[in-house]
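Asker: The sequence shown begins at 1 in full-length UniProt numbering and counts up one residue at a time. Cβ coordinates follow ideal geometry from the N, Cα and C atoms, glycine included. Here the structure is a predicted model, which is why all the values come from computation and not from measurement.
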Amino acid sequence: MTVLQQRTASDRADLGRVARGGVLNLAGAGYAGLAGFGVTWLVARGLAPADAGRFFASTAAFTVAVTVAKLGTPTGLVYWPARLRDRPHLLRPMLRAALSPVAVAAVLIAAGLWATGRLGPLVVFLPLAALTDALLAATRGFRKPRPTVLYDKLLRPTLQLGALGLAVWLAGGSPGVFTVAWAWAYLPVFFLAWRALPTLPPTGPSDPIAGPFWRFTAPRALASVAQQALQRVDVILLAALVSFTQAAYYAVAGRFVIVGQLANQALAYSVQPQLAELLAAGDRPAARALYQSATGWVILLSWPVYLLAAVFAPLYLHLFGPQYRAAGGVVVILAGAMMVGSGCGMVDSVLAMAGRTSWNLLNVLAALGVNIGVDLVLIPRFGALGAACGLAAAVLTNNLVPLAQLGWGLGLHPFGRGTLWAGLLTSTCFGAVPVGSVALFGRGLPGLAVALGAGGTLYGLGCWRLRRPLALPTGSVARLRGLIRSLRRKV
1 MTVLQQRTAS DRADLGRVAR GGVLNLAGAG YAGLAGFGVT WLVARGLAPA DAGRFFASTA
61 AFTVAVTVAK LGTPTGLVYW PARLRDRPHL LRPMLRAALS PVAVAAVLIA AGLWATGRLG
121 PLVVFLPLAA LTDALLAATR GFRKPRPTVL YDKLLRPTLQ LGALGLAVWL AGGSPGVFTV
181 AWAWAYLPVF FLAWRALPTL PPTGPSDPIA GPFWRFTAPR ALASVAQQAL QRVDVILLAA
241 LVSFTQAAYY AVAGRFVIVG QLANQALAYS VQPQLAELLA AGDRPAARAL YQSATGWVIL
301 LSWPVYLLAA VFAPLYLHLF GPQYRAAGGV VVILAGAMMV GSGCGMVDSV LAMAGRTSWN
361 LLNVLAALGV NIGVDLVLIP RFGALGAACG LAAAVLTNNL VPLAQLGWGL GLHPFGRGTL
421 WAGLLTSTCF GAVPVGSVAL FGRGLPGLAV ALGAGGTLYG LGCWRLRRPL ALPTGSVARL
481 RGLIRSLRRK V
């Protein structure tokens, strides 16, 4: 076998491993997305819009506070295990250097919020949430994706759904009870995440690791806060500048965005360790191929959500209550912006794994500045629609700027043959086909059923026909064919 053949086989094996890991993460992400819809539905149906807005604003502020407490460590905890594979005696000091400051920061932030009376009982769960996310990131860094899927994507959403369902049944209208029911699930998940850490080699004579770890992670700390603020600040500003009702409209209308982002997040969890190793080895062609394949997968999984939400926005919003149908324009604006963002792939993850965390910091800060600036101008006049415009402008900034940086600075881009085919396939199946269905059958359930049936069938056939340029895993299909052939021979 030639060197080129060996490399091609190795690249395909890497893609297959990443795809299998991505499938596992996507299964969890799909369930988490459905559970997230369930949480939003329970809150929207169980509380009046103003009280629902209070819930969404409180949980948004809690999530931002948790991100501050994590100090950017999740990226470092994925990045450094790949860099220390040939120095395993440094893994334990690295983990200690990462987790100790997170614990201290989380307790201090929780104490400060408790003293000021903000967030109420939610602050009790803040240290647990911050440490849980950091611990699960560490397991991913050690190439163990299952704990994240089982505990963060499956168990925690299930516990939240059950507790919120109980709150609707027993409390029926208390926002404080709803927030505690949402947050308590971090308690069992924290202990499970701690137990999921692998047994590490004993510490030996070693070079200092805390300094290099935090020089890499520190820029990411501010970037991660800004990234989380991009997703949450609109709800907080709407509650502060207009009303809790407008905040509820916006939170409900934007629920589909989180579902689409779960595909990107799940694939990033699977891709990051392999991408870090390829870039550390200086293998740019393999890193580019991995980035392009992953972007195609993101498009295949996220664009159908965005397109269907935009075309059937009134039907989607009616699920949460007839009063939320007024937010249809928010859905359309966010869907368009998120399609552009997902079409760029996991640009921030690629920059981070290439060691360009300072670039990420500047990019996210710029996007956050754009978001807040547009929000302050448009929210007082247009409410939730103005917030949607602010987030759309921020999403474009946060994706197009790093896309240019990757191309000019590192020679990486997401636009390959598979990416283009993925965009064309999803646009046809879940854009053109649903528009035709609406023209014939309307935006109600009959139109949606026809769109899903026709578009889904065409989509499945297209994925099968284009499985090679899309780099879709085919091992299970080959095994199924072999089984069918063996059965035929026996018959």
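1) Do you know how far the Cα of residue 440 is from the Cα of residue 63?
2) Give every residue of the same chain whose Cβ lies closer than 6 Å to the Cβ of residue 328, excluding the five residues on either side of it in the sequence, and list them in chain order.
3) Specify the secondary structure class of residue 209 as computed by DSSP and reduced to three states.
4) Roughly how many angstroms separate the alpha carbons of residue 470 and residue 431, rounded to a whole number?
5) Tell me, please, whether the stretch 252-272 touches the stretch 314-325 by the rule of three or more beta-carbon pairs shorter than 8 Å.
6) Mind the definition here: the stretch 460-469 touches the stretch 419-427 only if three or more C-beta pairs lie below 8 Å; say whether that holds.
7) Just verifying my parser: in three-state terms, what is the DSSP assignment at residue 463?
8) Could you give the DSSP three-state label for residue 242: helix, strand or coil?
9) Run through DSSP, which three-state label would residue 71 get?
10) Ordered along the chain, which non-local residues of its own chain (more than five positions away) have a Cβ less than 8 Å from that of residue 389?
11) With a floor of 4 residues, list each alpha helix (DSSP H) that falls wholly inside the stretch 122-152, ordered by position along the chain.
12) Using only CA atoms, which one of 29, 247 and 56 lies nearest to residue 42?
13) Can you tell me which of the three DSSP states residue 299 falls into?
14) Would the stretch 146-154 count as touching the stretch 81-101 if we require 3 or more Cβ pairs under 8 Å?
15) Distance, Cα to Cα, residue 79 vs residue 394?
16) Taking the Cβ atom as the reference point for each residue, do residue 248 and residue 52 lie within a distance shorter than 7 Å?
17) What residues in its chain sit with their C-beta under 8 Å from that of residue 166, if we drop five residues either side in the sequence?
18) If the criterion is Cβ atoms closer than 7 Å, does the pair residue 35 and residue 157 meet it?
19) Rounded to the nearest angstrom, what separates residue 238 and residue 376 at their Cα positions?
20) Where do the N-terminal and C-terminal ends of the alpha helix (DSSP H) with residue 116 fall, by residue?
21) Counting along the chain, where does the alpha helix (DSSP H) carrying residue 339 start and finish?
22) Does DSSP classify residue 194 as helix, strand or coil?
23) Whole-angstrom Cβ separation of residue 337 and residue 392, contact assumed at under 8 Å?
24) Determine the contact status of residue 279 and residue 354, defining contact as a CB-CB distance below 7 Å.
25) Can you grab the Cα-Cα spacing for the pair residue 300 / residue 198, in whole Å?
26) Please state whether the Cβ-Cβ distance between residue 309 and residue 335 is less than 7 Å.
27) Are there 16 or more other CB atoms within 10 angstroms of the CB of residue 214, so buried, or fewer, so exposed?
28) Excluding sequence positions up to five away, which residues of its chain have a Cβ less than 7 Å from the Cβ of residue 74?
29) Output the boundary residues of the alpha helix (DSSP H) element that contains residue 437.
30) Considering only residues of the stretch 377-429, which uninterrupted alpha helix (DSSP H) runs meet the minimum length of 4 residues and lie entirely inside it, listed in chain order?
31) When you compare the CB positions of residue 494 and residue 176, do they come within less than 7 Å of one another, or not?
32) Within a Cβ cutoff of 6 Å, which residues of the same chain sit near residue 296, ignoring the five residues on either side of it in sequence?
33) Is residue 444 near residue 437, with beta carbons less than 7 Å apart?
34) According to DSSP, is residue 283 part of a helix, a strand, or is it coil?
35) Taking its Cβ as the centre, do 16 or more other Cβ atoms sit within 10 Å of residue 216, making it buried, or is it exposed?
Answerer: Reading it off the structure:
1) 43 Å
2) 313 and 314
3) coil
4) 19 Å
5) yes
6) yes
7) helix
8) coil
9) coil
10) 333, 374, 378 and 382
11) 126-141
12) 56
13) helix
14) no
15) 26 Å
16) yes
17) 181
18) yes
19) 10 Å
20) 91-116
21) 328-343
22) helix
23) 4 Å
24) yes
25) 34 Å
26) yes
27) buried
28) 133, 134 and 137
29) 433-441
30) 384-405 and 417-427
31) Within the shown structure, residues of the chain are numbered from 1 to 491, placing residue 494 beyond reach of any answer.
32) 418, 419, 422 and 470
33) no
34) coil
35) buried
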